[in-house]
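**Q** The opening residue of the sequence shown carries number 1 in UniProt numbering; numbering runs sequentially from there.
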Amino acid sequence: MAKVPTRQLGKNGPQVSALGFGAMGLSAFYGKTASDEERFKVFDRSIELGCTFFDTADLYGDSEELLGKYFKKYPEQRKKVFLATKFANVVSADFKTFSVRGDAEYVQQASEKSLKRLGLDYVDLYYAHRIDKTVPIEETVGAMKKLVDAGKVKYLGLSECSSDTLRRAYAVHPIACVQIEYSPFSLDIERDEIGLLKTCRELGVALVCYSPLGRGLFTGQYKSPDDFEEGDFRRLQ
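#1: Roughly how far, in whole angstroms, is the beta-carbon of D58 from the beta-carbon of K113, given that I think they are within contact range, below 8 Å?
#2: Might you give, ordered along the chain, the residues of its own chain that have their beta carbon closer than 6 Å to the beta carbon of A104, omitting 5 neighbours on each side?
#3: Taking DSSP's pairing of strands, which residues face Y210 in a bridge?
#4: With DSSP collapsed to three states, give me the class of Y122.
#5: Would the region 54–71 count as touching the region 81–96 if we require 3 or more Cβ pairs under 8 Å?
#6: Kindly indicate the opening and closing residues of the beta strand (DSSP E) around D44.
#7: Are there 16 or more other CB atoms within 10 angstroms of the CB of I189, so buried, or fewer, so exposed?
#8: If you draw a straight line from the alpha carbon of K152 to that of D124, how long is it in whole angstroms?
#9: Under a Cβ-count criterion, where at least 16 other Cβ atoms within 10 Å of its own Cβ denotes burial, should R117 be classed as buried or exposed?
#10: List the endpoints of the continuous beta strand (DSSP E) containing S186.
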């Protein structure tokens, strides 16, 4: 069976699978969730295929808890996975209020909660999921750097950042990768005036593309909003 190829994560990062596994859809936003055991089978199959760059976030429903239960039950699988999670999005329980926090105190709090939910001592990659425009990025990345120094995080990433923010962040601590939407529906990073793709290349920062299949629309499986089940946010797009 052919395995997913690997590539280096940025100029100084590890080898990771060229295709990542986004865990969001198993736990949030895409309709009702399956049982833990059914979702464990998805993790197993992804690892079997060599798709071992796993991506989650504290925003994604029970995703971190689910992965924590999976790694506790199958500890040998943790050794095969390069695990990324994210922080910064603060959402109320009813999903009616939303804010972004990147202050140093919150970075520490969020990381501790994520590690507890995951049942792990460290994660391989920690992203700022969104950029807090009320806090200097130097403060956010400075707090993230302390997590690296403490052995709780191996690599740092940013998500949905500007070229200037990436440069300022990189001056504090090397950024392994930037995660951003990139598909035929979303090609903004290619625009010269945005400059993010150019800056990533210049600094040797990897680009991790989310929703490369347009949230499933390019699979040909969905023809209209009615093809999505109740509770799937894509019905509203």
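All C-beta atoms, glycine included, are put in the ideal place defined by N, C-alpha and C.
Just so we're clear, the structure is a prediction, and the values are computed from it rather than from any experiment.
**A** From the atom records:
#1: On the sequence shown, residue 58 is found 58 positions in, with the first residue counted as 1. On the sequence shown, residue 113 is found 113 positions in, with the first residue counted as 1. With 8 Å as the limit, D58 and K113 qualify as a contact, their Cβ atoms being about 7 Å apart.
#2: Along the sequence shown, one-based indexing puts residue 104 at 104. Excluding residues within five positions, the ones whose Cβ falls inside 6 Å are E139, A143.
#3: Taking the sequence shown and counting its residues from 1, one reaches residue 210 at position 210. In the DSSP output, where bridge partners are listed per residue, Y210 has E181.
#4: Locating residue 122 in the sequence shown gives position 122, counting from the first residue. Of the three classes helix, strand and coil, the one that applies to Y122 here is coil, per DSSP.
#5: yes
#6: Against the sequence shown, residue 44 aligns to sequence position 44. Per DSSP, D44 belongs to no beta strand (DSSP E); it is in the alpha helix (DSSP H), 36–48.
#7: Within the sequence shown, the letter at position 189 stands for residue 189. So I189 counts as buried.
#8: Position 152 of the sequence shown holds residue 152. Position 124 of the sequence shown holds residue 124. C-alpha separation (whole angstroms): 8 Å.
#9: Position 117 of the sequence shown holds residue 117. Buried, since its Cβ has 16 or more Cβ neighbours within 10 Å.
#10: Sequence index remark: in the sequence shown, residue 186 carries index 186 (1-based). Unbroken run through S186: none, as it is neither H nor E.
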